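Trainee: Quick note, the sequence shown lines up with residues 1343 to 1808 if you use this note's numbering.
Take this structure first; my questions come after.
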Amino acid sequence: MPTNRRSFLRNVALGSGAIASALPDNSYAHAMQSAQAPFNMCGFAAPKLSTVRIGLVGTGSRGTGAIDRLSYIDGVQITALCDKYPKHLEKSQAILNKKGLPAPKTYTGEEGWKALCESNDVDLVYVTTPWHLHTPISVYAMKHGKHAASEVPAAKTIDECWELVETSEKTRQHMMMLENCCYDFFELLTLNMARNGMFGEILHAEGAYIHDLGKDYLLNKTGYSDMWRLKENTGHQGNLYPTHGLGPIAQCMNINRGDKFDHLVSMSTSDFTLAPALKELAANDDFFKPYAGKTYRGNMNTTIIKTDLGKTLMVQHDVSSPRPYSRIHLVSGTKGAAQKYPGPERIALGHSWMKPEELKGMYDKYTPPIVRHIGDIAKNVGGHGGMDFIMDWRLIDCLRNGLPLDQDVYDAASWSSIMPLSEASAINRSKTVDVPDFTRGAWKQNKPHDMTLNGGGTTGVRAVLK
Ligand SMILES: NC(=O)c1ccc[n+]([C@@H]2O[C@H](COP(=O)([O-])OP(=O)(O)OC[C@H]3O[C@@H](n4cnc5c(N)ncnc54)[C@H](O)[C@@H]3O)[C@@H](O)[C@H]2O)c1
């Protein structure tokens, strides 16, 4: 194909104002449809629920962990469980049984989650399935009068992001993406320091999900269900899992609440490990034959996002190179900086990182109320060192006290949108891609979430068997 024809096609796909055609779906149609003043879910408080009746969908490894954590929280009743495979329900049922908690109703089959969402004994649908079901289940739940909490990413396409936003606004049901890394201890410390102006104006931040999932996960035929993780890594490029690194730094930079993502550029390496590993596995095991000879996501993706206020965020994703785990978590401002990976955790308010005693002083002064209140208990219950339990406890405490949630549907949509948008850029020679404004202008007035525990903090933790 002549160069000018190729570049013409690329320009049609990615030229200013025409980006929609490069995206896997038509985000602009949604933006236009939604032009007339929608209800703003930022700061939205739903009526109090004294008991939160939870229906959980997807009792695999993450879902079973969630059942265990949720069973410790006062005012929680797990009334329903659903999994495609009846066998996968057993571990969660055994956990509840061992703790002397009532047996939930169970639903099975590919679409069993529909009946769970339609039932009258669920207030919150908690979604821990493979990614392609996060939006369909969340949307169906909200349309049937339930709040939705979904594992990350909340959506896989720009259309799905808009569907979440529009459904949450129309139904006035919460849609929270369960971005647990926002509740890790150092991330909460840096957020509170940022809110207190300790870093000055934050002008740049970095986050990542760098986790070698190769042998134990992606390529492990018994490690998870239906090889869904590996399948997600075929036929896609870009950052498939942006929110663990992005969520905490987006909160530090008041994204959707004073600033917003404007545009991004993204670049991926080629794949140097997955295709060769699958070729080798397929040579000895027929199970892997369908996965051999396919194109896999490039190992490392780097995406840079520019905000409306002229700040930058760099997000990386690599789950297939052998290297130590990192979420980076770097925050850099006009007065100071913080960094978590590689350890130890570091803060600087000048040229040098603080000495351990100075860092301790920061912890003494800026550990936020939620960590003082529930941090030690969370470490005991567990879940990635406690952050998962802080998240669950806070979600339930907000629902029980009629408080806005820390992460709203706009956060879920904009953080998740980096998945399809990074792909659109990475496969088009890193062309600039606009990030939709899911708040439709409300980011200018929306306020950062309340870190005080005011009006809440009343939910206890049960002494149930570990
Ligand atoms: N936030 C975190 O730290 C974290 C950690 C691990 C996993 N996750 C997320 O949790 C989710 C689940 O991951 P996992 O590791 O538990 O995977 P998994 O394969 O162990 O579990 C998924 C479960 O969903 C079930 N399922 C599949 N299709 C279904 C359907 N149609 N209806 C009902 N159930 C269905 C499967 O049978 C399986 O039991 C993913 O979105 C993953 O990204 C998040």
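Using N, Cα and C, we set each Cβ at its ideal position, and we do this for glycine too.
None of these values were measured; they are calculated from a predicted model.
Answer yes or no: do residue 1493 and residue 1676 have a C-beta to C-beta separation smaller than 8 Å?
Mentor: For the purposes of this step, residue 1493 is taken as residue 151 along the sequence shown, with counting starting at 1. For the purposes of this step, residue 1676 is taken as residue 334 along the sequence shown, with counting starting at 1. No. Outside cutoff.
Trainee: Go ahead and label residue 1359 buried or exposed: buried means 16 or more other beta carbons lie within 10 angstroms of its beta carbon, across all protein chains shown.
Mentor: Indexing the sequence shown from 1 puts residue 1359 at position 17. With a pLDDT of 33 at residue 1359, under the threshold of 50, the modelled position of this residue cannot be trusted, and the question is left open.
Trainee: Answer with buried or exposed for residue 1426, where buried requires no fewer than 16 other C-beta atoms within 10 angstroms of its C-beta.
Mentor: The sequence position of residue 1426 within the sequence shown is 84, counting from 1. With 16 or more Cβ atoms within 10 Å of its Cβ, residue 1426 is classed as buried.
Trainee: Note down, in chain order, each residue of its chain lying with its Cβ closer than 7 Å to the Cβ of residue 1412, except the 5 sequence neighbours on either side.
Mentor: Locating residue 1412 in the sequence shown gives position 70, where the first residue counts as 1. Around residue 1412: 1396, 1418, 1420, 1734.
Trainee: Assuming the contact rule is C-beta atoms closer than 8 Å, residue 1753 and residue 1598 should be a hit. Round their C-beta distance to whole Å, please.
Mentor: Taking the first residue of the sequence shown as position 1, residue 1753 is located at position 411. Taking the first residue of the sequence shown as position 1, residue 1598 is located at position 256. About 6 Å separates the two Cβ atoms, so the contact holds.
Trainee: Helix, strand or coil: how does DSSP classify residue 1421 here?
Mentor: In the sequence shown, residue 1421 corresponds to position 79, counting from 1. Strand.
Trainee: Please report the Cβ distance between residue 1678 and residue 1691, rounded to the nearest whole angstrom; I am assuming they are in contact, meaning their Cβ atoms lie under 8 Å.
Mentor: Along the sequence shown, read from residue 1 onward, the residue named residue 1678 stands at position 336. Along the sequence shown, read from residue 1 onward, the residue named residue 1691 stands at position 349. The Cβ separation is near 4 Å, so the contact holds.
Trainee: Using the Cβ count rule (16 or more neighbours within 10 Å means buried), how would you classify residue 1700?
Mentor: Numbered from its first residue, the sequence shown carries residue 1700 at position 358. Classification for residue 1700: exposed.
Trainee: Under 7 Å: does the beta carbon of residue 1524 sit that close to some heavy atom of ligand 1?
Mentor: Looking up residue 1524 in the sequence shown gives position 182. False, no ligand heavy atom lies under 7 Å from that Cβ.
Trainee: State yes or no: is the C-beta of residue 1469 within less than 8 Å of the C-beta of residue 1490?
Mentor: Locating residue 1469 in the sequence shown gives position 127, counting from the first residue. Locating residue 1490 in the sequence shown gives position 148, counting from the first residue. Yes. Within cutoff.
Trainee: Per DSSP, which residues does residue 1725 bridge with? Please list them.
Mentor: Within the sequence shown, numbered from 1, the residue matching residue 1725 stands at position 383. Looking at the DSSP assignment, residue 1725 forms no beta bridge with any residue, so it has no partner.
Trainee: When DSSP builds the beta bridges, which residues end up paired with residue 1399?
Mentor: For the purposes of this step, residue 1399 is taken as residue 57 along the sequence shown, with counting starting at 1. In DSSP, residue 1399 forms a bridge with 1424, 1469.
Trainee: How close, in whole Å, do the beta carbons of residue 1673 and residue 1732 come, if the pair is a contact with beta carbons under 8 Å?
Mentor: Walking along the sequence shown from the start, residue 1673 turns up at place 331. Walking along the sequence shown from the start, residue 1732 turns up at place 390. Incorrect: roughly 20 Å between the Cβ atoms, too far for contact.
Trainee: Check residue 1665 in the structure and name its three-state DSSP category.
Mentor: Within the sequence shown, numbered from 1, the residue matching residue 1665 stands at position 323. Coil.
Trainee: Just verifying my parser: in three-state terms, what is the DSSP assignment at residue 1800?
Mentor: Within the sequence shown, numbered from 1, the residue matching residue 1800 stands at position 458. In this structure, residue 1800 counts as coil in the three-state DSSP scheme.
Trainee: Inspect the CB distances between the stretch 1786–1793 and the stretch 1382–1390 and report whether three or more fall short of 8 Å.
Mentor: Touching, yes.
Trainee: Is the distance from the Cβ of residue 1758 to the Cβ of residue 1643 below 8 Å?
Mentor: Here residue 1758 corresponds to residue number 416 of the sequence shown, with the count starting at 1. Here residue 1643 corresponds to residue number 301 of the sequence shown, with the count starting at 1. Their beta carbons are not under 8 Å apart, which means residue 1758 does not touch residue 1643 by this criterion.
Trainee: What are the residues that DSSP puts in a beta bridge with residue 1549?
Mentor: By one-based count along the sequence shown, residue 1549 stands at place 207. When beta bridges are read from the DSSP output, residue 1549 appears opposite 1657.
Trainee: What are the complete beta strand (DSSP E) segments, minimum 3 residues, inside the stretch 1575–1649?
Mentor: If we require 3 residues or more, the beta strand (DSSP E) runs fully inside the stretch 1575–1649 come out as 1603–1610, 1643–1649.
Trainee: Find the nearest neighbour of residue 1612 within the set 1660, 1683, 1709, 1533, judged by alpha-carbon distance.
Mentor: Taking the first residue of the sequence shown as 1, we reach residue 1612 at position 270. Ranking 1660, 1683, 1709, 1533 by Cα distance to residue 1612 puts 1660 first.
Trainee: Which of helix, strand or coil does DSSP assign to residue 1519?
Mentor: One-based indexing of the sequence shown puts residue 1519 at position 177. It is a strand residue.
Trainee: If you measure from the CB of residue 1400, is any heavy atom of ligand 1 nearer than 7 Å?
Mentor: As a working mapping, residue 1400 is identified with position 58 in the sequence shown. Yes; taking the cut-off as 7 Å, the Cβ of residue 1400 has a heavy atom of ligand 1 nearer than that.
Trainee: With distance defined between alpha-carbon atoms, name the residue in 1391, 1444, 1379 nearest to residue 1409.
Mentor: Numbered from its first residue, the sequence shown carries residue 1409 at position 67. Out of 1391, 1444, 1379, 1444 has the C-alpha closest to the C-alpha of residue 1409.
Trainee: Give me, in chain order, the residues of the same chain whose beta-carbon lies closer than 7 Å to that of residue 1698; leave out the 5 immediate sequence neighbours on both sides.
Mentor: Working through the sequence shown from its first residue, we reach residue 1698 at position 356. If we look at residue 1698 and ignore the five residues flanking it on each side, it has no Cβ neighbours.
Trainee: Quick one: is residue 1574 buried, meaning 16 or more other Cβ sit within 10 Å of its Cβ, or exposed?
Mentor: Working through the sequence shown from its first residue, we reach residue 1574 at position 232. It is buried - the Cβ of residue 1574 has at least 16 other Cβ atoms within 10 Å.
Trainee: Exposed or buried, what is residue 1629 when buried is set at 16 or more other beta-carbons lying within 10 Å of its beta-carbon?
Mentor: The sequence position of residue 1629 within the sequence shown is 287, counting from 1. Exposed is the call here.
Trainee: Taking 6 Å as the limit between beta carbons, can you name the residues of its chain near residue 1803, skipping five residues before and five after?
Mentor: What you label residue 1803 is simply residue 461 of the sequence shown in a count that begins at 1. Hits under 6 Å: 1414, 1719.
Trainee: In whole angstroms, what separates the C-alpha of residue 1580 from that of residue 1805?
Mentor: Within the sequence shown, the letter at position 238 stands for residue 1580. Within the sequence shown, the letter at position 463 stands for residue 1805. Near 44 Å, if we compare the C-alpha coordinates of residue 1805 and residue 1580.
Trainee: Residue 1489 bridges to which residues according to DSSP?
Mentor: Numbered from 1 along the sequence shown, position 147 holds the residue referred to as residue 1489. Note: residue 1489 sits in a beta bridge opposite 1466.
Trainee: Kindly confirm or deny that the stretch 1743–1751 and the stretch 1611–1626 touch, where touching means at least three C-beta pairs closer than 8 Å.
Mentor: no
Trainee: For ligand 1, is there a heavy atom less than 7 Å away from the beta-carbon of residue 1430?
Mentor: The count along the sequence shown starts at 1 and reaches residue 1430 at position 88. Relative to the non-hydrogen atoms of ligand 1, the Cβ of residue 1430 comes within a distance shorter than 7 Å of at least one.
Trainee: Spell out a yes or no on whether the stretch 1656–1671 and the stretch 1499–1515 are touching, meaning 3 or more CB-CB pairs, one atom from each, closer than 8 Å.
Mentor: no
Trainee: In whole angstroms, give me the CA-to-CA distance for residue 1486 and residue 1460.
Mentor: The sequence position of residue 1486 within the sequence shown is 144, counting from 1. The sequence position of residue 1460 within the sequence shown is 118, counting from 1. Taking the straight line joining both Cα atoms gives about 6 Å.
Trainee: Output the distance between the C-alpha atoms of residue 1631 and residue 1624, rounded to the nearest integer angstrom.
Mentor: Counting from one through the sequence shown, the residue named residue 1631 turns up at place 289. Counting from one through the sequence shown, the residue named residue 1624 turns up at place 282. Approximately 5 Å, taken between the alpha carbons.
Trainee: For residue 1706, does the count of other Cβ atoms within 10 angstroms reach 16, so buried, or fall short, so exposed?
Mentor: Position 364 of the sequence shown, counted from the first residue, corresponds to residue 1706. Burial call: exposed.
Trainee: How would you write the range of the alpha helix (DSSP H) that residue 1437 sits in, first residue to last?
Mentor: Here residue 1437 corresponds to residue number 95 of the sequence shown, with the count starting at 1. Here the alpha helix (DSSP H) through residue 1437 covers 1432–1440.
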